[in-house]
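To keep things clear, I will list the structure first and then write my remarks on it.
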């Protein structure tokens, strides 16, 4: 319990969506993960800036298991500007064994389709979950002119 509390406190201070140079670190995720217990609605308690949630508040993620063994995700947020609630649907997949807490998520309706990591560092399944996501995005420009 003390370890979980410590991780939760640290995560609230250093929540893991901050731009930095270099590769994504390899973090230890939750052992003996129970995906069935993790399913359901989660409310975002804290976060660092994320472009896809720009201007959003009251963010929720509902993880719904399918008969085919997949996971559907329904994310919702309310615009801080207009007050309009928006929804985006996607999928999550287990990266390894079923007891590992490394998932990847995908939202096919986004203009740019990519898989994003969704690693569960810790959870008690009822009250909190600490989730890590890190992407290796680069920025570049192209030109028709050969310099």
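Residue numbers (UniProt numbering): 1 to 147. By construction, the Cβ of each residue, glycine as well, lies at the ideal position given by its N, Cα and C atoms.
Simplified DSSP state of residue i, which is helix, strand or coil
i          : result
residue 67 : coil
residue 45 : coil
residue 74 : strand
residue 38 : helix
Candidates the options: closest to residue i by CA position
i           : options           : result
residue 39  : 112, 129, 31, 25  : 129
residue 113 : 90, 77, 29        : 90
residue 119 : 134, 107, 109     : 134
residue 97  : 126, 69, 43       : 69
residue 25  : 80, 117, 109, 66  : 117
residue 60  : 42, 71, 66        : 42
residue 121 : 115, 103, 111, 80 : 103
Burial state of residue i, where buried means 16 or more other Cβ atoms lie within 10 Å
i           : result
residue 83  : exposed
residue 124 : exposed
residue 109 : exposed
Within 8 Å, strictly: CB atoms of residue i and residue j
i          : j          : result
residue 64 : residue 75 : no
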